[in-house]
Amino acid sequence: MRSSRFRLASTAAATVLAAATALSVVTPAEAHTVSPVNANASTATRNVLNWLAHLPNRSSNRIASGFFGGYSNSGFSLSQTEELRTATGQYPAILSCDYGSGWATNNDITALVDYSCNPALKSWSASGGLVTISVHLPSPANANGGGLNTPMGNFADLLNPSTAAGARWRQLQDKMAAGLQDLENAGVPVLFRPFHEVNGDWFWWGNRDANTFKQVWQQMYTYLTGTKGLDNLLWVYSADFSRGNRTAYYPGGSYVDVVGMDAYDDNPQVSGIQSAYSELVGLGKPFAFAEIGPDSQGSFDYGRWVTAFQQSYPKTSYFLAWNDGWGPARNSGGSTLFNNSWIANRGEVDLGNVTEPGGGGTTPPPSGGTLLNGFESGTEGWTGTNVTGGPWQVTEWASQGTRALKSDVNLAAGAAYLKKTATTNLSGRGTLRATARVAPWGSFGAGSQAKLYVKTGAGWQWFDGGTVAVTSAGVNLSLPLSGVANLGDVREIGVQFVPAGGASGTSAIYVDNVTVQ
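In mature numbering (1 follows the signal peptide of the UniProt record, and there is no 0), the protein residues as written are -31 to -1, 1 to 486.
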């Protein structure tokens, strides 16, 4: 976060979430595993990285959401996280805390590193969420700290603990390590993001000699991982989109687990963000938008990020929205973003479920027949009944081709329908088929059903193919036409979706590949 943003922090007292279900740490038994650079990383830490790395292979729940909770000793609180929950109905998958308040001064510089947010992070992890930590550190060049926005004159002093700055840098690392060790003792993996926006010129570590910076990062990695024995860290390198040299400071693939970008702009698809994305993805690591937010506080539409992810940044594993005036709850479109089917929120973090490239688990549609509707050209005249949004043509899932039909639904409202009401002649045809699916998010639940139906003749007589259990993998539906009256006058073709008993909340339904044989 740039200097113009870091000073605004909530002063509300910290609220600790009660522990609920434990975070899954089942080792994924997949052919392709993405492992941390630390060979001694804990199982839980390994599973977090492997899960994040595989998310872009999914058709939905493919980008983990994140939110900044504040600075640990200068306003960290869960109040704005609850504000986000109220605005969107969702808790983010990832909660962020910052250990540093580098703009402040203190006779004891280590007092400017504070990890009092740890209890909330532990509870967040126990409730099924993930954790990331950044550090707006004070400048080691100053005995009393401060200097966050003053470039450090001799950055190479950090490499030499015998210098005054180098000794203070070691003290700051020791204080950070104590907080990170406390989280490791509680079994909490951490996406650790030091020296963010290193290619910018607004922090004391920014825009320094690139080779020196790489050595400082590498020494810090060795000290925290080797000397301090921290095996719960995933190392995140984060550049700023608005400056060049985004990869010039990259310390090397042996010292970084995730590459990220900080992107504050009212246009999420501005050319600078797109070019930064291409450069950083090219490093071959899982990619994240490590901070996002608008330039125009209060008037930004966060729904624009949905389009940006889908059209321009499909390899994104997670994003982190900033708080205060830059946060989703204090702008518009937060619900659109956090409830999009591409987004995985807390409660949808399943570390034992990874999807290999080209996978998705979708049931292959039957071949042959005449395609009535494949939704490659739009909604093709289909509408919805008892839906809360749509239908829309989407690219996030398809049983055939690249597009399908989707609507959002309120599960407590009962059966929902996707249908086309138009006269169709199916005389001489034998079987009507379609592929149906429910979203993997929400609580459709085991026992949810779908059926393919038609209504025929002036009396709109109903015929269906019977109920079939429907899941997020997709299911093939069929309706034999031999016993259907008035096949020359089919008035409606549709799919009925019935949630399992007791289902509540929101989800989505899909139809694709409507054919007749």
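We put the beta carbon where it would ideally sit given N, CA and C, even for glycine.
All values reported here derive from a predicted model rather than from experimental measurement.
What does the alpha-carbon distance come out to for the pair residue i and residue j?
{"i": "Thr(-17)", "j": "Pro468", "result": "For Thr(-17), the predicted structure reports a pLDDT of 33, less than 50, and the residue's modelled location is therefore unreliable. A value from the coordinates is still provided. Using only the alpha carbons, I get a separation of about 35 Å."}
{"i": "Ala62", "j": "Gly316", "result": "7 Å"}
{"i": "Asn9", "j": "Leu24", "result": "23 Å"}
{"i": "Thr339", "j": "Ser103", "result": "56 Å"}
{"i": "Thr331", "j": "Ala313", "result": "Unreliable placement is indicated for Thr331, whose pLDDT of 43 sits below 50; no coordinate value is reported for it."}
{"i": "Arg406", "j": "Ala367", "result": "10 Å"}
{"i": "Pro263", "j": "Tyr233", "result": "5 Å"}
{"i": "Ala146", "j": "Asn75", "result": "20 Å"}
{"i": "Tyr479", "j": "Asn214", "result": "43 Å"}
{"i": "Phe258", "j": "Tyr287", "result": "6 Å"}
{"i": "Gly107", "j": "Asp231", "result": "First, the amino acid is wrong: residue 107 is Pro here, not Gly. Their backbone Cα atoms lie some 20 Å apart in a straight line."}
{"i": "Thr132", "j": "Val318", "result": "45 Å"}
{"i": "Gly416", "j": "Pro360", "result": "24 Å"}
{"i": "Val(-6)", "j": "Cys86", "result": "Residue placement at Val(-6) cannot be trusted, given a pLDDT of 30 that sits under 50; what the coordinates show is reported in the next sentence. Rounded to the nearest angstrom, the two C-alpha atoms are 27 Å apart."}
{"i": "Phe344", "j": "Tyr422", "result": "18 Å"}
{"i": "Leu401", "j": "Gly303", "result": "40 Å"}
{"i": "Asp83", "j": "Cys66", "result": "10 Å"}
{"i": "residue 489", "j": "Leu203", "result": "Beyond the ends of the chain as shown, which are -31 and 486, falls residue 489; an answer cannot be given."}
{"i": "Ile242", "j": "Leu249", "result": "10 Å"}
{"i": "Gly229", "j": "Lys91", "result": "24 Å"}
{"i": "Leu387", "j": "Thr324", "result": "28 Å"}
{"i": "Met189", "j": "Ser34", "result": "28 Å"}
{"i": "Thr(-11)", "j": "Ser94", "result": "For Thr(-11), the pLDDT reaches just 30, beneath the cut-off of 50, and the residue's location in the model is therefore unreliable, although a value from the coordinates is still provided. Between Thr(-11) and Ser94, the C-alpha separation is close to 9 Å."}
{"i": "Leu(-9)", "j": "Ala73", "result": "In this prediction, Leu(-9) has a pLDDT of 31, which is less than 50 and means its spatial position is unreliable; nothing more can be read from the coordinates."}
{"i": "Thr191", "j": "Ser223", "result": "11 Å"}
{"i": "Ala298", "j": "Ala56", "result": "6 Å"}
So which of the options has the shortest CA-CA distance to residue i?
{"i": "Cys418", "options": "Val444, Arg402, Ser29 and Gly38", "result": "Looking at the sequence itself, residue 418 is Gln, so the reference to Cys does not match. Of the listed residues, the one whose Cα sits closest to Gln418 is Val444."}
{"i": "Leu199", "options": "Gln187, Leu149, Thr216 and Pro220", "result": "Leu149"}
{"i": "Glu260", "options": "Leu289, Asp234 and Ser240", "result": "Leu289"}
{"i": "Val453", "options": "Ser207, Met121, Arg398 and Val356", "result": "Arg398"}
{"i": "Thr101", "options": "Ala125, Ser41 and Ala110", "result": "Ser41"}
{"i": "Gly114", "options": "Gly347, Val205 and Trp173", "result": "Trp173"}
{"i": "Ala408", "options": "Leu117, Asn308, Ala245 and Asn342", "result": "Asn308"}
{"i": "residue 487", "options": "Tyr282, Asp235, Tyr271 and Gly122", "result": "Outside the shown range of the chain, which is -31 to 486, sits residue 487, and nothing can be said about it."}
{"i": "Gly426", "options": "Thr404, Leu448, Gly411 and Arg460", "result": "Arg460"}
{"i": "Phe269", "options": "Asp126, Gly296 and Gly39", "result": "Gly296"}
{"i": "Ser68", "options": "Asn30, Asn129, Ala134 and Lys144", "result": "Per the sequence shown, the amino acid found at residue 68 is Tyr instead of Ser. Minimum Cα distance to Tyr68 is reached at Lys144."}
{"i": "Arg31", "options": "Thr2, Trp20 and Gly116", "result": "Trp20"}
{"i": "Gln184", "options": "Gly267, Ala217, Ala208 and Pro283", "result": "Ala217"}
{"i": "Leu127", "options": "Leu117, Asn118, Pro109 and Thr119", "result": "Pro109"}
{"i": "Lys424", "options": "Gln486, Phe413, Gly457 and Ser412", "result": "Gly457"}
{"i": "Leu450", "options": "Gln465, Asn176, Asp77 and Phe432", "result": "Phe432"}
{"i": "Val6", "options": "Tyr246, Thr440, Asp226 and Leu252", "result": "Asp226"}
{"i": "Thr305", "options": "Asn322, Lys284 and Thr357", "result": "Thr357"}
{"i": "Trp186", "options": "Asn292, Phe210, Gly267 and Phe161", "result": "Phe161"}
{"i": "Ala136", "options": "Ala112, Leu152, Lys389 and Val159", "result": "Ala112"}
{"i": "Ala391", "options": "Ala208, Lys254, Ile462 and Glu153", "result": "Ile462"}
Taking the continuous alpha helix (DSSP H) assigned at residue i, which residues delimit it?
{"i": "Glu166", "result": "Here Glu166 belongs to no alpha helix (DSSP H), and DSSP marks it neither H nor E."}
{"i": "Asp143", "result": "Ala133 to Asn154"}
{"i": "Met189", "result": "Ala179 to Tyr190"}
{"i": "Glu248", "result": "Ser240 to Val250"}
{"i": "Trp20", "result": "Thr12 to His23"}
If we define contact as Cβ-Cβ less than 8 Å, is residue i a contact residue for chain C?
{"i": "Gln184", "result": "No chain C appears in the structure shown, which is made up of a single protein chain."}
Along the chain, where does the beta strand (DSSP E) that runs through residue i open and close?
{"i": "Trp351", "result": "Trp351 to Thr354"}
{"i": "Ala477", "result": "Thr475 to Val485"}
{"i": "Thr400", "result": "Thr400 to Val407"}
{"i": "Gly229", "result": "Val227 to Tyr233"}
{"i": "Gly358", "result": "Gly358 to Val363"}
{"i": "Asp126", "result": "Premise fails: Asp126 is in no beta strand (DSSP E) and is neither H nor E."}
{"i": "Lys254", "result": "Careful: Lys254 lies outside any beta strand (DSSP E) and carries neither H nor E."}
{"i": "Ser29", "result": "Segment: none, Ser29 is in no beta strand (DSSP E) and carries neither H nor E."}
{"i": "Tyr224", "result": "It is not in any beta strand (DSSP E) - Tyr224 carries neither H nor E in the DSSP assignment."}
{"i": "Leu340", "result": "Thr339 to Asn342"}
{"i": "Ser207", "result": "Leu202 to Asp209"}
{"i": "Asn379", "result": "Ala373 to Asn379"}
{"i": "Thr101", "result": "Leu99 to Ser103"}
{"i": "Tyr386", "result": "Ala385 to Thr393"}
Would you say the beta carbon of residue i is closer than 7 Å to some non-hydrogen atom of the ligand PLP?
{"i": "Asn123", "result": "The ligand content of the structure shown is nil, which means the ligand PLP is not present either."}
- Query: Is the number of C-beta pairs between the segment 376 to 387 and the segment 474 to 484 that are closer than 8 Å three or more?
  - Reply: The segment 376 to 387, when compared against the segment 474 to 484, does touch it at the 8 Å Cβ threshold.
- Which ranges would you report for the alpha helix (DSSP H) in the segment 36 to 86 if only whole runs of at least 4 residues count? Restricted to the segment 36 to 86, the alpha helix (DSSP H) segments that are unbroken, complete and at least 4 residues in length are 48 to 57, listed in chain order.
- Message: Any contact between the segment 43 to 54 and the segment 351 to 368? By contact I mean 3 or more CB pairs, one from each, below 8 Å.
- Response: Contact fails: fewer than three Cβ-Cβ distances are below 8 Å.
- Query: Okay, do the segment 444 to 455 and the segment 274 to 282 touch, 3+ Cβ pairs below 8 Å being the bar?
  - Reply: The segment 444 to 455 vs the segment 274 to 282: no contact.
- Would you list, in sequence order, the uninterrupted beta strand (DSSP E) runs of no fewer than 3 residues that lie entirely inside the segment 271 to 315? Qualifying beta strand (DSSP E) stretches, in chain order: 285 to 290.
- Message: Could you tell me which whole beta strand (DSSP E) segments of length 3 or greater appear in the segment 419 to 465?
- Response: When DSSP assignments are scanned along the segment 419 to 465, the uninterrupted stretches of beta strand (DSSP E) that are 3 or more residues long and fall wholly within it turn out to be 430 to 433 and 444 to 449.
- Message: For the pair the segment 15 to 31 and the segment 385 to 401, tell me if three or more CB-CB distances fall below 8 Å.
- Response: By the Cβ test, the segment 15 to 31 is not in contact with the segment 385 to 401, since fewer than three Cβ pairs between them sit closer than 8 Å.
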